[in-house]
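These protein sequence lines map, in sequence, to chains R and S.
If you're matching positions, the first sequence starts at 7 in our numbering and goes up one per residue.
If you're matching positions, the second sequence starts at 181 in our numbering and goes up one per residue.
C-beta: ideal position from N, C-alpha, C; glycine also.
As the structure is a prediction and not an experimental result, all values here were calculated from the model.
Step one of this worksheet: look at the structure below.
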Amino acid sequence: MNNSKSLKEGEEMGKNKAPKNKERRRFLIQMAQNVAIATVGGLVWSAFVDEAKAAPLLLRPPGAKKEKDFISLCIKCGLCVEACPYDTLMLAKPGDNKPIGTPYFIPRDIPCYMCDDIPCVPPCPTGALDIDSVSEVKEGKRVFDITQMRMGVAIVDIKDCIAYWGIQCDACYRACPLLDKAIFMEYRQNERTGKHAKLLPVVDPDYCTGCGLCEHACVTEIAAIKVLPRDVALGKVGSHYVKGWQKSDERRLKGSKGIQTTVTPRSKKSAVESLNEGIDFE
Amino acid sequence: MNKIWKKYRFLILRRLTQIAIMFLYIAANVWGWKILEGNLSSSKVVDTIPLSDPYAVLQIFAAGSIVGANALIGAFIVTLFYMLIGGRAFCSWVCPVNMVTDLANFIRRKGGFDKVEKKWWASRNIRYWAMGLSFIISFLLGTAAFEIVSPVSMTHRGLVFGMGFGWAAILTIFLFDLFVLKNGWCGHICPLGGFYSLVGRFSLFRVKHNQPNCTLCMKCKEVCPEKEVLFMIGKKSLSVNMGECTLCGRCVEVCDDDALNFSIREFVKKERKK
Ligand code: SF4
Ligand code: SF4
Ligand code: SF4
Ligand code: SF4
Ligand code: SF4
Numbered sequence: 007m008n009n010s011k012s013l014k015e016g017e018e019m020g021k022n023k024a025p026k027n028k029e030r031r032r033f034l035i036q037m038a039q040n041v042a043i044a045t046v047g048g049l050v051w052s053a054f055v056d057e058a059k060a061a062p063l064l065l066r067p068p069g070a071k072k073e074k075d076f077i078s079l080c081i082k083c084g085l086c087v088e089a090c091p092y093d094t095l096m097l098a099k100p101g102d103n104k105p106i107g108t109p110y111f112i113p114r115d116i117p118c119y120m121c122d123d124i125p126c127v128p129p130c131p132t133g134a135l136d137i138d139s140v141s142e143v144k145e146g147k148r149v150f151d152i153t154q155m156r157m158g159v160a161i162v163d164i165k166d167c168i169a170y171w172g173i174q175c176d177a178c179y180r181a182c183p184l185l186d187k188a189i190f191m192e193y194r195q196n197e198r199t200g201k202h203a204k205l206l207p208v209v210d211p212d213y214c215t216g217c218g219l220c221e222h223a224c225v226t227e228i229a230a231i232k233v234l235p236r237d238v239a240l241g242k243v244g245s246h247y248v249k250g251w252q253k254s255d256e257r258r259l260k261g262s263k264g265i266q267t268t269v270t271p272r273s274k275k276s277a278v279e280s281l282n283e284g285i286d287f288e
Numbered sequence: 181m182n183k184i185w186k187k188y189r190f191l192i193l194r195r196l197t198q199i200a201i202m203f204l205y206i207a208a209n210v211w212g213w214k215i216l217e218g219n220l221s222s223s224k225v226v227d228t229i230p231l232s233d234p235y236a237v238l239q240i241f242a243a244g245s246i247v248g249a250n251a252l253i254g255a256f257i258v259t260l261f262y263m264l265i266g267g268r269a270f271c272s273w274v275c276p277v278n279m280v281t282d283l284a285n286f287i288r289r290k291g292g293f294d295k296v297e298k299k300w301w302a303s304r305n306i307r308y309w310a311m312g313l314s315f316i317i318s319f320l321l322g323t324a325a326f327e328i329v330s331p332v333s334m335t336h337r338g339l340v341f342g343m344g345f346g347w348a349a350i351l352t353i354f355l356f357d358l359f360v361l362k363n364g365w366c367g368h369i370c371p372l373g374g375f376y377s378l379v380g381r382f383s384l385f386r387v388k389h390n391q392p393n394c395t396l397c398m399k400c401k402e403v404c405p406e407k408e409v410l411f412m413i414g415k416k417s418l419s420v421n422m423g424e425c426t427l428c429g430r431c432v433e434v435c436d437d438d439a440l441n442f443s444i445r446e447f448v449k450k451e452r453k454k
């Protein structure tokens with residue numbers, strides 16, 4: 007364990023003319039001890055790091071890379087936090103139970119106001135916030151477009167949204183910077199009264215940026231519209247469904263060998279024939 | 181007054197720099213001052229020059245990510261500075277944890293703790309093992325491993341952006357240094373200190389011992405947080421070349437006999453002659 011000590015004792019041993027291989031053995035044992043301690047320490051450390059970096063439910067700043075890359079890149083400097091004029095962003099503190107030192111925001115407290123000039127993204131020194139994902143270079147000039155960001159997606163809880171009860175409320179709709187795109191109102195007959203319409207907020211994930219202005223504006227005690235990370239909230243169809251009514255999607259079938267069926271003695275006849283076989287119909 | 185200045189001049193200057201740096205970071209967050217923004221992991225000076233912690237950037241590399249240009253340039257500037265000039269001065273002139281561990285060491289000295297615990301039971305090389313391990317774990321888990329547990333980052337980030345339970349880490353280090361191991365954290369474990377020891381190994385600024393003046397009072401070894409580096413005291417006129425020297429200057433100011441001073445590193449040839 008201790009080099010200076012071992013050196014000194016080694017010297018003394020030399021003076022006493024102790025056998026050399028004893029010294030060597032001591033050295034090997036010490037080496038083994040070091041490796042063992044490093045391994046144990048490393049395992050405990052890894053377990054802690056592994057535990058501490060997982061946080062699928064956090065909303066990251068505008069332009070943040072995918073969580074895995076973000077966690078690896080963010081150097082925890084807080085430059086994004088300081089750049090935000092609304093104090094939207096925070097760095098996770100020890101004890102917050104979030105990956106320590108990384109920026110996040112809680113829209114119910116302070117949402118992202120979708121600044122046109124996006125002050126929070128360019129200061130990021132590591133590229134954890136990706137400027138290219140929220141801007142384009144047009145004629146040598148960088149043009150920001152905050153509507154490109156996808157921090158999360160708003161989800162409506164249709165049991166607790168009072169508009170779904172039939173009470174008139176469009177607080178979230180009016181709060182949305184992309185109103186009528188990211189969030190629109192759908193008409194439905196109020197079956198309870200029979201003569202009124204319900205105006206229901208519906209979110210379109212194609213446009214929703216996850217800014218959380220809707221969640222911030224929601225009038226219920228706990229917001230009935232909430233922003234969740236897109237990975238958590240959204241599904242994925244997979245490639246085996248095709249929108250046959252869309253030429254572009256239909257094109258995906260080009261070159262496929264058609265539907266492959268397994269051929270068995272029964273499948274020689276049609277399904278109806280096979281099912282009805284042996285039944286006397288008179 | 182003059183005597184106090186002479187005895188503590190570097191200590192006072194160091195505390196001033198350490199506090200001023202942290203103050204500027206805090207002012208950037210609270211009042212939006214643009215002098216020094218961010219924290220010691222990465223910052224911006226007067227809104228233009230990037231500075232980054234090169235050890236953190238290396239961990240990010242180990243984790244398999246390529247950092248952006250600003251972090252790269254920042255890490256490069258910092259590395260160059262300590263490599264050529266500053267040595268391990270980060271530890272004694274910048275890092276806020278140094279104030280905590282120095283306090284623990286001060287109480288130890290005044291309380292006579294050192295006399296009770298004379299034996300060294302831990303290697304000063306643990307920090308290099310920890311540094312190696314941090315790269316392996318970063319690689320395996322895809323995130324900068326030391327940055328997640330680092331009490332150093334918890335402290336400077338905590339001071340600027342909110343401490344949370346970070347104070348517990350600071351208290352742990354303080355108690356560990358006070359009761360368990362002398363110079364325990366900074367002198368044995370902290371891989372960031374180890375990193376700067378390696379980077380600053382060949383820097384120009386050095387403390388130099390002038391043996392003929394030495395009266396063997398050993399005050400320097402008593403205050404030095406890395407006293408192995410002072411092996412030449414009373415034996416040979418050499419400059420303190422080991423990277424672990426933090427260039428705190430405590431040895432220089434406690435020496436009443438002008439046997440220790442700051443100097444510029446001598447060229448190899450000259451050293452050989454002696
Ligand atoms: S876009 Fe504006 S409000 Fe939103 S996080 Fe960035 S700086 Fe803050
Ligand atoms: S600016 Fe970038 S590196 Fe710094 S805390 Fe924000 S996301 Fe992380
Ligand atoms: S989070 Fe809400 S307010 Fe923001 S874009 Fe989406 S629907 Fe609109
Ligand atoms: S050894 Fe680590 S904690 Fe101590 S002063 Fe240096 S960087 Fe800071
Ligand atoms: S040798 Fe002197 S300057 Fe270097 S760490 Fe020790 S006391 Fe500080």
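- Each of S:Asp357, S:Arg445, S:Leu196, S:Gly266 was checked against the Cα of S:Lys388, and the nearest Cα belongs to S:Arg445.
- The C-beta separation of S:Asp233 from S:Ser222 comes to about 7 Å, placing the pair in contact by the 8 Å criterion.
- The stretch 417-433 of chain S and the stretch 265-275 of chain S touch, with no fewer than 3 CB-CB distances between them shorter than 8 Å.
- Within the chosen limit of 7 Å, ligand 3 does not reach the beta carbon of R:Leu64 with any heavy atom.
- With a cutoff of 8 Å on beta-carbon distance, R:Leu206 and R:Tyr170 are scored as near each other.
- Residue pairing by DSSP places R:Pro109 opposite R:Leu97 in a beta bridge.
- Runs of the beta strand (DSSP E) spanning 3 or more residues and lying entirely within the stretch 183-237 of chain S occur at 216-219, 222-225, 229-232, in chain order.
- Any Cβ of chain S closer than 8 Å to the Cβ of R:Val46 would place that residue at the interface, and such an atom is absent.
- CA-to-CA, the gap between R:Pro131 and S:Pro230 works out to about 8 Å.
- Taking a 10 Å sphere around the C-beta of S:Gln198, we find 16 or more other C-beta atoms and assign the residue as buried.
- Secondary structure of R:Pro67 (DSSP, three-state): coil.
- Counted as a single uninterrupted DSSP element, the beta strand (DSSP E) harbouring S:Phe442 occupies residues 440-444.
- Within the same chain, Val248, Lys249, Gly250 come within 8 Å of R:Glu256 by CB-CB distance, once the 5 residues on both sides are set aside.
- Excluding the 5 residues flanking it on each side, R:Ile161 has same chain C-beta neighbours closer than 8 Å at Val209, Ile231, Lys232, Val233, Leu234, Ala239, in chain order.
- Cβ-Cβ distances below 8 Å link S:Glu327 to Ser221, Ala236, Gln239, Ser333 in the same chain, with the five nearest sequence neighbours on each side left out; the list follows chain order.
- Residue state for R:Gln266 is assigned as coil, using DSSP reduced to three classes.
- Straight across, the Cα-Cα distance linking R:Ile168 with R:Cys175 is about 7 Å.
- Within the stretch 79-105 of chain R, the residues whose Cβ lies closer than 7 Å to some Cβ of chain S are Leu79, Ile81, Lys82, Cys83, Gly84, Leu85, Val87, Glu88, Leu97, Lys99, Pro100, Gly101, Asp102, listed in chain order.
- Against chain S, the CB of R:Thr268 has no partner CB under 8 Å away; the residue lies outside that interface.
- Annotation: the continuous beta strand (DSSP E) that includes S:Lys388 extends over 385-389.
- Here R:Lys59 is buried, its C-beta having at least 16 other C-beta atoms within 10 Å.
- Rounded to the nearest whole angstrom, the C-alpha separation of S:Val420 and S:Cys435 is 15 Å.
- Nearest CB-CB separation between R:Asp75 and chain S: below the 8 Å threshold.
- A check of alpha carbon separations from R:Leu85 across R:Ile43, R:Glu221, R:Cys182, R:Leu135 identifies R:Leu135 as the nearest.
- The alpha-carbon of S:Ser383 is positioned some 5 Å away from that of S:Gly267.
- In this structure, ligand 2 has no non-hydrogen atom nearer than 7 Å to the beta-carbon of R:Pro68.
- The alpha helix (DSSP H) runs lying completely inside the stretch 406-432 of chain S and spanning 4 residues or more number zero.
- For R:Ala160, the enclosing beta strand (DSSP E) covers residues 159-162.
- Straight through space, the alpha carbons of S:Thr323 and S:Ile317 are spaced by roughly 8 Å.
- Rounded to whole angstroms, the separation of the alpha carbons of R:Ala98 and R:Pro105 is 7 Å.
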